[in-house]
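Undergrad: Protein chains in written order, with my numbering: chain Y, 659 to 891; chain X, 4 to 362; chain E, 26 to 384.
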Amino acid sequence: MQLLWEGLKQSILLLFSGDPEVLQITLLSLQVSGLATAISLGLGLPIGSLLALGSFPTRRFWISLVNTGMALPPVVVGLVVSIFLWRSGPLGDLNWIYTTTAMVLAQVIIAAPVVTGLTVSALQQLDPRLRQQLLGLGASRLQMVLALWREARLPLLAALMAAFGSVISEIGASMMVGGNIRYHTRVLTTAIATATSQGDFALALALSALLLLMAYLINLTLTWIQQRNVRRG
Amino acid sequence: MVAVLEIRDLLVSRGKRPVLQVAQLDILEKEILAIIGPNGTGKSTLLLVLSRLIKAERGQILYRGKIMQSSSDLAYRRKIGLVLQDPLLLDVSVFDNVASGLRFRGLANRLVAPQVNLWLERLGIAGLAKRPARSLSGGEAQRVSLARALALDPDVLLLDEPFSALDAPTRARLLDDFHGLIRSINITTVFVTHDMDEALLLGDRVAVMLDGHLAQVGTPAQVFNAPTDPDIARFVGVETVVAGRVISCQPGMALVEAGRFKFEAVGEIAAGRPVYICLRPEDITLWALPVEQTSSVRNQLTGRLVKLTPQGPLMRVVLDCGFPLVALITRTSANEMGLATGQEIAASFKASAVHLIAR
Amino acid sequence: MSANKMFFKIITVIVFMAMVLSACTPAATATLAAATSVPATSVPATSVPATVPPAPANTVAVPATATLAAATATPAAATATAVPATPTVTGTKPTSTAVTRTDNELILSTTTSTRDTGLLDVLLPIFETQCGCTVKMIAVGTGAALQMGMDGNADVLLVHAPASELTYMAKGFGQERLLVMHNDFVILGPTSDPAKIKGIKSPAEAFKKIADAKATFVSRGDNSGTNQAELAIWKLAGVTPTKDDAWYLQTGSAMGDTLNVANQKQAYTLSDRGTYLAYKANLQLDVLVQGDPSLLNIYHVITVNPAKWPKVNIKLAKEFADFMVSADTQKVIAAFGIDKYGQPLFFPDAGKKDSDVGK
Numbered sequence: 659m660q661l662l663w664e665g666l667k668q669s670i671l672l673l674f675s676g677d678p679e680v681l682q683i684t685l686l687s688l689q690v691s692g693l694a695t696a697i698s699l700g701l702g703l704p705i706g707s708l709l710a711l712g713s714f715p716t717r718r719f720w721i722s723l724v725n726t727g728m729a730l731p732p733v734v735v736g737l738v739v740s741i742f743l744w745r746s747g748p749l750g751d752l753n754w755i756y757t758t759t760a761m762v763l764a765q766v767i768i769a770a771p772v773v774t775g776l777t778v779s780a781l782q783q784l785d786p787r788l789r790q791q792l793l794g795l796g797a798s799r800l801q802m803v804l805a806l807w808r809e810a811r812l813p814l815l816a817a818l819m820a821a822f823g824s825v826i827s828e829i830g831a832s833m834m835v836g837g838n839i840r841y842h843t844r845v846l847t848t849a850i851a852t853a854t855s856q857g858d859f860a861l862a863l864a865l866s867a868l869l870l871l872m873a874y875l876i877n878l879t880l881t882w883i884q885q886r887n888v889r890r891g
Numbered sequence: 004m005v006a007v008l009e010i011r012d013l014l015v016s017r018g019k020r021p022v023l024q025v026a027q028l029d030i031l032e033k034e035i036l037a038i039i040g041p042n043g044t045g046k047s048t049l050l051l052v053l054s055r056l057i058k059a060e061r062g063q064i065l066y067r068g069k070i071m072q073s074s075s076d077l078a079y080r081r082k083i084g085l086v087l088q089d090p091l092l093l094d095v096s097v098f099d100n101v102a103s104g105l106r107f108r109g110l111a112n113r114l115v116a117p118q119v120n121l122w123l124e125r126l127g128i129a130g131l132a133k134r135p136a137r138s139l140s141g142g143e144a145q146r147v148s149l150a151r152a153l154a155l156d157p158d159v160l161l162l163d164e165p166f167s168a169l170d171a172p173t174r175a176r177l178l179d180d181f182h183g184l185i186r187s188i189n190i191t192t193v194f195v196t197h198d199m200d201e202a203l204l205l206g207d208r209v210a211v212m213l214d215g216h217l218a219q220v221g222t223p224a225q226v227f228n229a230p231t232d233p234d235i236a237r238f239v240g241v242e243t244v245v246a247g248r249v250i251s252c253q254p255g256m257a258l259v260e261a262g263r264f265k266f267e268a269v270g271e272i273a274a275g276r277p278v279y280i281c282l283r284p285e286d287i288t289l290w291a292l293p294v295e296q297t298s299s300v301r302n303q304l305t306g307r308l309v310k311l312t313p314q315g316p317l318m319r320v321v322l323d324c325g326f327p328l329v330a331l332i333t334r335t336s337a338n339e340m341g342l343a344t345g346q347e348i349a350a351s352f353k354a355s356a357v358h359l360i361a362r
Numbered sequence: 026m027s028a029n030k031m032f033f034k035i036i037t038v039i040v041f042m043a044m045v046l047s048a049c050t051p052a053a054t055a056t057l058a059a060a061t062s063v064p065a066t067s068v069p070a071t072s073v074p075a076t077v078p079p080a081p082a083n084t085v086a087v088p089a090t091a092t093l094a095a096a097t098a099t100p101a102a103a104t105a106t107a108v109p110a111t112p113t114v115t116g117t118k119p120t121s122t123a124v125t126r127t128d129n130e131l132i133l134s135t136t137t138s139t140r141d142t143g144l145l146d147v148l149l150p151i152f153e154t155q156c157g158c159t160v161k162m163i164a165v166g167t168g169a170a171l172q173m174g175m176d177g178n179a180d181v182l183l184v185h186a187p188a189s190e191l192t193y194m195a196k197g198f199g200q201e202r203l204l205v206m207h208n209d210f211v212i213l214g215p216t217s218d219p220a221k222i223k224g225i226k227s228p229a230e231a232f233k234k235i236a237d238a239k240a241t242f243v244s245r246g247d248n249s250g251t252n253q254a255e256l257a258i259w260k261l262a263g264v265t266p267t268k269d270d271a272w273y274l275q276t277g278s279a280m281g282d283t284l285n286v287a288n289q290k291q292a293y294t295l296s297d298r299g300t301y302l303a304y305k306a307n308l309q310l311d312v313l314v315q316g317d318p319s320l321l322n323i324y325h326v327i328t329v330n331p332a333k334w335p336k337v338n339i340k341l342a343k344e345f346a347d348f349m350v351s352a353d354t355q356k357v358i359a360a361f362g363i364d365k366y367g368q369p370l371f372f373p374d375a376g377k378k379d380s381d382v383g384k
């Protein structure tokens, strides 16, 4: 109990003292996970729409692949990406290992299937005749897809939150491909791990509180946007 | 009359099964064509083919003389307006729903608003403009769907059973409003329905579809009173269809025989030919026995009353005259006559009420 | 019906795999963690049994729970059961909160570097046979290891951070502190050696050259024993790397991870020889500076003070400390690593004075 209390005290101090290193770590967390989520959205929405609305022979296979991808363990993703990015690996010449670029890459691999899978289910919930009606009103294929995205905006926002949640809180991939290098690739999750392994549990709790607070605020915003659109009655 | 749409040699299949086969159908400029038929007969398929939303296995559709191709589909679909059986509105306000088709066409915002407001007004829903579409009743939603299509000032208006998902009083009201509207705007319209009354009320021409085929195309009067086929006849409400034979024929009049009765009918079919004798139930008058002879009624028969079914303010009476004869009289008359099953009743009808179909 | 069957099949497969994995994983990590109490006669848990869980002699259980029982600590009864130690993955998940103990259990807190050398995998089984007890080895970062002692979560510590240890003793958390052994640190770097430090005798001089050349240097940055030694050398060199020095990278991680980073970046780093030898096969880094007295890495065993924490198993802790400095154990230490690496990893020092180490 003493520990939790210490941690709470220290986290409040940390948050209000504006410790520059903590700020830098928090910002980096947001940047890496934010960018990864954005890229995943850019990949997942179109691909998910294609899978949900299209009709081609291997469709079911790809959808089941995406659904499996939603459950990829981050540490496994980190391992595989590392193997590719190591100097001994096929992409070694890119020199991406232990950089934020590698972290974004790994997080995109984690988050993109989440966005894709949830987009597929969001669009499949819509009335299939709505597509016909929209086309019959003169919508081009692109206009139709955009209209369907707007129709499914509630579950799509949920997909966004799920994707962000999955990467802001992951440590396995960030640790492996980022290397947790201070000032360069250290994010909140890896910093918590470091603090813990050094026995500085109060700091670890403080950083944890910060991470939870940040994740909460972001999801609060997105939930507010989502719930504004909920039909009443 | 210019044909706006022409269908040639059309075949639509689902898997191996053909669901729609139309050799030829022209839809004329500014006409309202009603396509009727029982459920599952391919009417909606035909409409979706006309919207270029379903591709045919074989055949062509011409729009204003040009064969339609995939490359021109989007341009064509921006010339039509489509209303389906369910309103299928978007999860936005009523205004935005009605504006959606216009916005798809890239119309400037300042031009969209007056057009939308005009049609909200005409469909009687101007007050609902800001309401979220999800909160509307069935009738209101369908009005929005209609406004959405009409606001496009389409070249062709396509409607797939737009009123069948509504309850009877709502349907009646909407039909009434729509009827006035559609007659005044003069747009080529194709609408699909399984309700004969709608077709009669709204259509300039009626096309009857049975089993994926076009059975008969003509004016409502033609289809209604002179069906070319016993199946069509039954569908349009000719409840008495009897197999018989022409005994003799004179100009304008034929004598036909059915069972133990002989009738005079208006029509010209050669003597000796087998025919179907068609009688609408409303054209039959019933008499209690014994009967007095009255003027222009040339045809009389008698039969035993086998079934009495109330139908709203009317009474449906089925007589067994050697064949089933169905009559429709008012409840009042039925009560006055004291009709009951098992009675022997006389029935009569004018020669002009008899319709003959060659067998 | 077939959809339901599929569903249940899938669930069954998942549950089965989960059971198999929970049987495998602790056994697999047990081979890494190397703190299993294995009485000579029972089935060694270190062999990875894919489907056969190590049979605890005295648990009567349904197969599912037997699998789980292999994964969780069972109170040691007369027959020792195979208990895999809770491992840590490169210092990310230490157990710091209350650990359950019984009279026959010793909780040893040590560092990841020590564990990674594999020495304890050899020594602990010998000790367990001798004391007839179970040793739970928890390997964490130096800071956390000492913290465990301060929180009373360990009975005995085996660490190698003299500066921190003295602070620890001064605070009264340790009862006895005994010198056990030493190995040394080496300065590693790429074969290309851009800062040209190869063969330099003084580590401080080498560090100065690295700083001047702004050559990439990877530090553990985790206040571990190794890190403290490194910082001491920087101090001697008169250099204090700040966060603006982009060539100085701090991983905050264990030695193994730090070596990986240094390898990938082809950078300089300070490592203990033991870990270096263990990882050598995968590294493309050479030993550039070695042998100086300031590069000594000295290990002490510290028993946690029962005056501070009455629940400490002081009897077993003392036994362990005595074991580590006993002549036989010191012989084992001296021989460790020769067969694998051609050179010993450690040099036994029991009984010497701290100042005499390395002479």
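Note that the Cβ used here is the ideal one computed from N, Cα and C, for glycine as well.
Everything numeric in this text was worked out from a predicted model, so none of it was measured.
1) Taking CYS156(E) as part of the alpha helix (DSSP H), name the residues at either end of that continuous run.
2) Quick check on the DSSP output: the beta strand (DSSP E) that includes VAL181(E) runs from which residue to which?
3) Any beta-carbon of chain E closer than 8 Å to the one on ILE741(Y)?
4) Are the C-beta atoms of SER698(Y) and some chain X residue less than 8 Å apart?
5) Per DSSP, TRP290(X) is paired with what?
6) How far does the alpha helix (DSSP H) with TYR841(Y) in it reach, from first residue to last?
7) In the DSSP output, which residue or residues are listed as bridge partners for ASN302(X)?
8) Could you check if PHE714(Y) is buried or exposed, using at least 16 other CB atoms within 10 Å of its CB as the buried criterion?
9) With 16 other CB atoms within 10 Å as the buried threshold, where does TYR874(Y) fall?
10) When the cut-off is 8 Å and only beta carbons count, does GLN856(Y) lie next to chain E?
11) Cα separation between LEU661(Y) and ARG799(Y)?
12) Nearest chain E C-beta to TRP744(Y) closer than 8 Å, yes or no?
13) Just the chain E side, please: which residues come within less than 7 Å of ILE755(Y) by C-beta, in chain order?
14) Identify whether GLU201(E) lies in helix, strand or coil by the three-state DSSP scheme.
15) Does the distance from the C-beta atom of GLY206(X) to that of ALA37(X) stay below 8 Å?
16) Quick check on this structure: which residue in GLY215(X), MET340(X), ARG263(X) and LEU292(X) has the alpha carbon closest to the alpha carbon of VAL15(X)?
17) Could you check the C-alpha separation between ARG808(Y) and MET728(Y) for me, to the nearest Å?
18) Can you check which of these residues, GLU34(X), LEU114(X) and GLU143(X), is closest to GLY363(X) by C-alpha distance?
19) Would you report the Cα separation of THR196(X) and LEU162(X), rounded to the nearest angstrom?
20) Residues of the segment 832 to 865 of chain Y with a CB closer than 8 Å to any CB of chain E: list them in chain order, please.
21) Tell me where the beta strand (DSSP E) around THR294(E) begins and ends.
22) Can you give me the start and stop residues for the alpha helix (DSSP H) that ALA332(E) sits inside?
23) How do the segment 326 to 346 of chain E and the segment 200 to 218 of chain E stand: do at least 3 beta-carbon pairs fall below 8 Å, yes or no?
24) Looking at LEU289(X): is its Cβ nearer than 8 Å to the Cβ of ILE332(X)?
25) Using Cβ-Cβ distances below 7 Å, what residues of the segment 235 to 256 of chain X are close to chain Y?
26) Give the interface partners of GLU809(Y) over in chain X, defined as CB-CB distance under 7 Å, in chain order.
27) Taking only the alpha-carbon atoms, compute the straight-line gap between TRP122(X) and VAL762(Y) and give it to the nearest angstrom.
28) Answer yes or no: do THR251(E) and MET206(E) have a C-beta to C-beta separation smaller than 8 Å?
29) Under a Cβ-count criterion, where at least 16 other Cβ atoms within 10 Å of its own Cβ denotes burial, should LYS161(E) be classed as buried or exposed?
30) For THR222(X), count the other beta carbons within 10 Å of its own beta carbon; 16 or more makes it buried, fewer makes it exposed. Which is it?
31) Closer than 7 Å by C-beta to PRO228(E): which residues in its own chain qualify, once you throw out the five before and the five after it? Chain order, please.
32) Can you give me the Cβ contacts of LEU204(X) inside the same chain, cut-off strictly under 8 Å, excluding the 5 residues immediately before and after it?
33) What residue from LEU50(X), ILE235(X) and GLY247(X) has the CA that sits closest to PHE266(X)'s CA?
34) For chain X, find out if any of its Cβ atoms is closer than 8 Å to the Cβ of LEU793(Y); answer yes or no.
35) Checking the sheet assignment: what are the DSSP bridge partners for MET280(E)?
36) Starting from the beta carbon of GLY166(E), find every residue of chain Y whose beta carbon is closer than 9 Å, and list them in chain order.
TA: Put simply:
1) On the third sequence, residue 156(E) is found 131 positions in, with the first residue counted as 1. Per DSSP, CYS156(E) belongs to the alpha helix (DSSP H) from 144 to 156.
2) To locate residue 181(E), count along the third sequence from 1; it is residue 156. From DSSP, the beta strand (DSSP E) with VAL181(E) extends over 181 to 184.
3) Start at 1 with the first residue of the first sequence, and residue 741(Y) comes out as number 83. Not an interface residue.
4) Position 40 of the first sequence, counted from the first residue, corresponds to residue 698(Y). No, SER698(Y) does not count as interfacial toward chain X.
5) Taking the first residue of the second sequence as 1, we reach residue 290(X) at position 287. DSSP output for TRP290(X) lists ALA349(X) as bridge partner(s).
6) As a first step, residue 841(Y) is located in the first sequence; it is residue number 183 there, counting from the start. Taken as a continuous stretch (DSSP letters only), TYR841(Y) belongs to no alpha helix (DSSP H), as it is neither H nor E.
7) Walking along the second sequence from the start, residue 302(X) turns up at place 299. Answer is PHE352(X), bridged to ASN302(X).
8) Here residue 714(Y) is taken as the residue at index 56 of the first sequence, counted from 1. Classification of PHE714(Y): exposed, given that the 10 Å Cβ count is below 16.
9) Along the first sequence, read from residue 1 onward, the residue named residue 874(Y) stands at position 216. Exposed: under 16 other Cβ atoms inside 10 Å.
10) Mapped onto the first sequence, residue 856(Y) falls at position 198. It does: the Cβ of GLN856(Y) has a partner Cβ on chain E nearer than 8 Å.
11) On the first sequence, residue 661(Y) is found 3 positions in, with the first residue counted as 1. On the first sequence, residue 799(Y) is found 141 positions in, with the first residue counted as 1. C-alpha separation (whole angstroms): 58 Å.
12) For the purposes of this step, residue 744(Y) is identified with residue 86 of the first sequence, where counting begins at 1. TRP744(Y) counts as touching chain E.
13) Taking the first residue of the first sequence as 1, we reach residue 755(Y) at position 97. Going along chain E in sequence order, the residues near ILE755(Y) (Cβ under 7 Å) are GLN289.
14) As a working note, residue 201(E) is residue 176 in the third sequence. Of the three classes helix, strand and coil, the one that applies to GLU201(E) here is strand, per DSSP.
15) Numbered from its first residue, the second sequence carries residue 206(X) at position 203. Numbered from its first residue, the second sequence carries residue 37(X) at position 34. Going by C-beta atoms, GLY206(X) is nearer than 8 Å to ALA37(X).
16) Numbered from its first residue, the second sequence carries residue 15(X) at position 12. Out of GLY215(X), MET340(X), ARG263(X) and LEU292(X), GLY215(X) has the C-alpha closest to the C-alpha of VAL15(X).
17) Working through the first sequence from its first residue, we reach residue 808(Y) at position 150. Working through the first sequence from its first residue, we reach residue 728(Y) at position 70. Their backbone Cα atoms lie some 23 Å apart in a straight line.
18) Because chain X is modelled from 4 through 362, residue 363(X) falls outside the range shown and cannot be assessed.
19) Looking up residue 196(X) in the second sequence gives position 193. Looking up residue 162(X) in the second sequence gives position 159. Cα to Cα, the separation comes out at about 9 Å.
20) Within the segment 832 to 865 of chain Y, the residues whose Cβ lies closer than 8 Å to some Cβ of chain E are MET833, GLY837, ASN838, ILE839, ARG840, TYR841, HIS842, ARG844, THR848, ALA849, ALA851, THR852, THR854, SER855, GLN856, GLY857, ASP858 and PHE859, listed in chain order.
21) Within the third sequence, residue 294(E) is the residue found at index 269, counting from 1. Taken as a continuous stretch (DSSP letters only), the beta strand (DSSP E) holding THR294(E) covers 293 to 297.
22) In the third sequence, the residue the question calls residue 332(E) occupies position 307. ALA332(E) -> no alpha helix (DSSP H), and no H or E assigned at all.
23) They touch, by the three-pair rule.
24) The residue you call residue 289(X) lines up with position 286 of the second sequence. The residue you call residue 332(X) lines up with position 329 of the second sequence. Cβ atoms of LEU289(X) and ILE332(X): closer than 8 Å.
25) Cβ contacts with chain Y: none found.
26) Along the first sequence, read from residue 1 onward, the residue named residue 809(Y) stands at position 151. Simply LEU93 and ASP94.
27) To locate residue 122(X), count along the second sequence from 1; it is residue 119. To locate residue 762(Y), count along the first sequence from 1; it is residue 104. Approximately 51 Å, taken between the alpha carbons.
28) For the purposes of this step, residue 251(E) is taken as the residue at position 226 of the third sequence. For the purposes of this step, residue 206(E) is taken as the residue at position 181 of the third sequence. The Cβ atoms of THR251(E) and MET206(E) lie no closer than 8 Å to each other.
29) Numbered from 1 along the third sequence, position 136 holds the residue referred to as residue 161(E). For LYS161(E), the number of other beta carbons within 10 angstroms of its own is at least 16, and it is reported as buried.
30) Here residue 222(X) refers to the residue found at position 219 when the second sequence is read from its first residue. Exposed.
31) The residue you call residue 228(E) lines up with position 203 of the third sequence. So the list reads ILE212, ILE258, VAL314, ASP317, SER319 and LEU320, once near-sequence residues are dropped.
32) In the second sequence, residue 204(X) corresponds to position 201, counting from 1. Counting only Cβ-Cβ distances below 8 Å, and skipping sequence neighbours, we find LEU178 and HIS182.
33) Here residue 266(X) is taken as the residue at index 263 of the second sequence, counted from 1. Selected option, being the one with the closest Cα: GLY247(X).
34) Position 135 of the first sequence, counting from 1, holds the residue named residue 793(Y). Yes - at least one Cβ of chain X is within 8 Å of the one on LEU793(Y).
35) For the purposes of this step, residue 280(E) is taken as the residue at position 255 of the third sequence. DSSP, once it has assigned bridges, lists no residue as partnering MET280(E).
36) On the third sequence, position 141 is the one that residue 166(E) refers to. Those are THR852, THR854, SER855, GLN856 and GLY857, listed as they occur along chain Y.
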